[in-house]
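Data block below; observations after.
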Amino acid sequence: MIKETRIALKNLGKINPESIDDYISQGGYLAFAEVLEMKPTSVIKEIEDSGLRGRGGAGFPTGIKDRYTTLSCEDCDRYIICNADEGEPGTFKDRIIMENDPHLLIEGMLISAYGIGASKGYIYIRAEYYLSVERVKKAIETACERGYLGKNIMGTYFSFYLEIKLGAGSYLCGEELTLMESLEGKRGYPRIKPPFPAEKGLFGKPTLINNVETLSHIPTIIVKGSKWYTGLGTEKSKGTKIFTISGNVNKPGYYEVELGVSLRSLIYDFAGGMKEGKTFKAALLGGAAGTFVDESMLDTAMAYDSLKEKGATLGSGAIIVLDNDQSVFEVLFSVLNFFKHESCGKCVPCRIGTTQLMLLMNKIKSEADKADILKEIFHQSELMAKSSLCPLGQSPILPVKSSIKYFEKELLTFSA
Amino acid sequence: MNTEEILLKYKPDKENLIQILHEIQDLHPQQYLTETDLLKVAKYLNITRSFVYGVVGYYSMFSTTPRGKYIIRLCESPVCNMFNSKMIAEKLKEILKIDINQTTADGLFTLELSECLGLCGNKPSMMINRETYTELDENNIELIIKNLRNN
């Protein structure tokens, strides 16, 4: 049977999250000490060679992002931001890392900051994550006391300051450029891309923004080497991923497994399988901005490219499992309702589109010519995907298209 | 601590606006932002009142109307919804005799809905102020509310 391979969760349950000594006893801050002896470009190269890709959902190669951030100017201020605004429905991996191993995240940020030459970093945490905020805050304080943060760290010329910033209840602020607007103290409205954060990010400066889980891989990559890391996962999706499994399974929870594991294995080997007497019907992969799959996808490798080839998405690693008693229509309904609620209203296609989709979803419940309405739902979400400013308006097409692909019959026969 | 003391903890930069608003709101026994406070914030950060109101209005955790001592945030996201969070909402409305976004007459509870709280492994779930409550059902919510009432 396949076992968990823990990198981002390596210290989980082994240390007291509030004790820096516990973290150090597990080899903590050794990677950072090693990095201080290296050239910044070599640090970036190591990360690039590891093949690590963003674990927040988009899957962009982390090392390339690091390098781009250093290219836009020679000697200017740069920022690093940790995106800890976890809010994708069904996702709770970043919370687990911050609550259980906050120093790992800080060390990952220190290494990246040294690599790109940033002296100031922010961790943007959603305000509802009170325990995460407390733990990270305490970790920053003790790291400062021990000289891992601040001026001339460990007697070198490298200085780095880290600060927590809170969100205030907006899903959209998890989108990188929107997050930067919020971090600057403004309404969470998305910016037009390009320019990308690597060129013009926070306060108009080159900015590296990474997800909590992504940063938590970096210390291990440095200590064990990129070569070791590339031995994990698949050809194009290296390393491990935390999958958060919820819904109708016996053991919902978080499992860190090598990329390439099958959905079947995640559900049956790790999450304890379906409840007695129930069968697997569907899974929503990647959260609300994700895709439905049916049992024909159970043996597909859970990795960025293999899923993409089949029109599905890995996203944040959320897996919401539905058994034969659940209604795909109801889940789609609540997903689209979620988008309607979280649309910021800045661009018309998303503001009007998310509302239109809900009107149509309500209409399809009662009216006879459901096929026409479903076509209209598809059409509207396609238009939104093409014309919306940011990923929020571009996302409804994912659950809409995939639910039609696998469950059209059910959507057409649903009656409230 | 009062509003002025909170303000002085921060540099008068706009980037601190959201943090300041959180602190002021948390300090108020009715967990909301008063007009007087918002004016002080605008003045201190040297930004317009409309800018401050724009930010307050955007973020769902901020309120310009008084709320209860306990703010209940019930998760209504897709996973909790699969596990009857709607029924929990109805039950809470019945126990508290209020609707969503209302506050009980005794000023103790405000009932709000929230997007995913990241507690999907133990659904359905909610938060009351800083505490998380999971695996909710008709019986345990009654007990949770009762305990807080007697507190």
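In the order they appear, the protein sequences are chains C and D.
According to our numbering, the stretch in the first sequence is residues 127 to 542, in order.
According to our numbering, the stretch in the second sequence is residues 2 to 152, in order.
All residues carry an ideal CB built from backbone N, CA and C; glycine is no exception.
Note that the structure is a prediction, hence the values are computed from the model and not measured.
(request) Compare the C-alpha of residue 540 of chain C against each of C:531, C:524, C:456 and C:479 and name the closest. (result) Comparing Cα positions, the closest option is C:456.
(request) Report back the beta-carbon spacing between residue 294 of chain C and residue 23 of chain D to the nearest angstrom; my notes put them in contact at under 8 Å. (result) 7 Å
(request) Name, please, each residue of chain D whose Cβ falls closer than 7 Å to the Cβ of residue 292 of chain C. (result) 19, 20 and 23
(request) Give a yes or no on whether the C-beta atoms belonging to residue 205 of chain C and residue 305 of chain C are separated by under 8 Å. (result) no
(message) Can you look up residue 397 of chain C in the DSSP assignment and give me helix, strand or coil?
(response) coil
(message) With distance defined between alpha-carbon atoms, name the residue in C:440, C:260 and C:200 nearest to residue 144 of chain C.
(response) C:260
(message) For residue 208 of chain C, list the residues DSSP reports as bridge partners.
(response) C:249 and C:336
(message) Please report the straight-line C-alpha distance between residue 300 of chain C and residue 77 of chain D, rounded to a whole angstrom.
(response) 19 Å
(message) Quick check on residue 148 of chain C: does DSSP put it in helix, strand or coil?
(response) Residue 148 of chain C sits in a helix when the DSSP states are folded into three classes.
(request) Apply the 10 Å Cβ neighbour rule to residue 255 of chain C and answer buried if 16 or more other Cβ atoms are within range, or exposed otherwise. (result) buried
(request) Have a look at residue 525 of chain C and residue 461 of chain C and give me their C-alpha separation to the nearest angstrom. (result) 8 Å
(message) Using beta carbons (cut-off 8 Å, strictly below), is residue 457 of chain C in contact with chain D?
(response) yes
(request) Find the nearest neighbour of residue 268 of chain C within the set C:139, C:492, C:503 and C:228, judged by alpha-carbon distance. (result) C:228
(request) Indicate whether at least one CB of chain C lies closer than 8 Å to the CB of residue 110 of chain D. (result) In terms of beta-carbon proximity, residue 110 of chain D stays away from the interface with chain C, with every pair separated by 8 Å or more.
(request) Run through the region 317–375 of chain C for me and flag every whole beta strand (DSSP E) of 3 or more residues, listed as ranges in chain order. (result) As summarised for the region 317–375 of chain C, the continuous beta strand (DSSP E) elements at least 3 residues long and confined to that stretch are 333–337 and 366–373, given in chain order.
(request) Inspect the CB distances between the region 315–328 of chain C and the region 226–240 of chain C and report whether three or more fall short of 8 Å. (result) no
(message) Any C-beta of chain C within less than 8 Å: which residues of the region 82–101 of chain D qualify?
(response) 82 and 83
(message) Using DSSP's beta-bridge definition, name the partner residues of residue 417 of chain C.
(response) Beta bridge pairing from DSSP links residue 417 of chain C with C:411.
(request) Determine, using beta carbons only, whether residue 241 of chain C and residue 207 of chain C come nearer to each other than 8 Å. (result) no
(message) Going by beta-carbon coordinates alone, are residue 349 of chain C and residue 130 of chain C separated by less than 8 Å?
(response) A distance of 8 Å or more separates the beta carbons of residue 349 of chain C and residue 130 of chain C.
(request) Confirm, please, whether the CB-CB distance from residue 41 of chain D to residue 4 of chain D is below 8 Å. (result) yes
(request) Give me the Cα-Cα distance between residue 340 of chain C and residue 476 of chain C, rounded to the nearest whole angstrom. (result) Between residue 340 of chain C and residue 476 of chain C, the C-alpha separation is close to 29 Å.
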